[in-house]
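*Asks:*
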Amino acid sequence: MAGNDPLSDALAGLDNAEDVGHLEYTVQPASNIIGSTLEVLYDNGYVDGFEFVDDGRAGTFEVELKGAINECGAVKPRYSVAADGYEKWEKRFLPARDYGALIVTTSHGVMSHYEAREEGIGGQVIAYVY
29 MAGNDPLSDA
39 LAGLDNAEDV
49 GHLEYTVQPA
59 SNIIGSTLEV
69 LYDNGYVDGF
79 EFVDDGRAGT
89 FEVELKGAIN
99 ECGAVKPRYS
109 VAADGYEKWE
119 KRFLPARDYG
129 ALIVTTSHGV
139 MSHYEAREEG
149 IGGQVIAYVY
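So for the sequence shown, the numbering used here puts the first residue at 29; every next one is plus one.
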C-alpha cells in the first residue's frame, strides 16, 4: 500500500537507509518532484548519485548513498516563503546557521534556499536536509 505523500515517504526511506548504513536505496514510485529533490541533494553533496529506472509503471530511482545525511524530511504543510523570509524557516528546521539546506519549489524550479536567496525569489518550503 502506498502512502499519501511520495516525497515524504522517499525522504524518510533515505533517512532510514542512511541510519542503518546502507550504500544504496530504491525510491518508488518515482515522480518529477522527487527527481528534482534528489538533484538538489546531489548538488549539495548529500548523495553520490541517482538514476531513474523505467519499470513500465511509475518507475524508480536508484540512489547511491554516501553517509552524509544526518536527518532529512518533508515539510508539511508546504509553507510559503518570501524572498527575504528564509531565515525564519532556517531557524525552525535546521540545527544551525549555514548548516544543511532547505529545499524550496519556486517558479524557477526546485532548488536549495541558498540558490533561491541568491536569485531573490520566494516559493514553498518542501523539505530540509542536514
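Note that CB positions come from ideal geometry on N, CA and C, so glycine has one too.
1) Please classify residue 92 as buried or exposed, where buried requires at least 16 neighbouring CB atoms within 10 angstroms.
2) Using a 10 Å radius around the Cβ and a threshold of 16 neighbouring Cβ atoms, would you call residue 109 buried or exposed?
3) With distances taken Cα to Cα, identify the nearest neighbour of residue 127 among 136, 73 and 35.
4) Could you tell me the alpha carbon to alpha carbon distance between residue 154 and residue 104, rounded to whole angstroms?
5) Which residue from 133, 132, 142 and 111 puts its Cα closest to that of residue 125?
6) Would you grab the beta carbon distance between residue 159 and residue 97 for me? Rounded to a whole angstrom, and I think it's under 8 Å.
7) Could you work out which residue in 117, 69 and 149 is closest to residue 42 when comparing CA atoms only?
8) How big is the Cα-Cα spacing for residue 86 and residue 32?
9) What does DSSP give as the partner residues of residue 217 in its beta bridges?
10) Using a Cβ-Cβ cut-off of 8 Å (strictly less than) and excluding sequence neighbours within five positions of residue 79, which residues of its own chain qualify?
*Replies:* On the basis of the coordinates in this document:
1) exposed
2) buried
3) 73
4) 7 Å
5) 142
6) This structure cannot settle anything about residue 159, because the visible part of the chain is limited to 29 through 158.
7) 69
8) Between the alpha carbons of residue 86 and residue 32 lies a distance of about 15 Å.
9) This structure cannot speak to residue 217, because the chain is shown only from 29 to 158.
10) The residues are 89 and 90.
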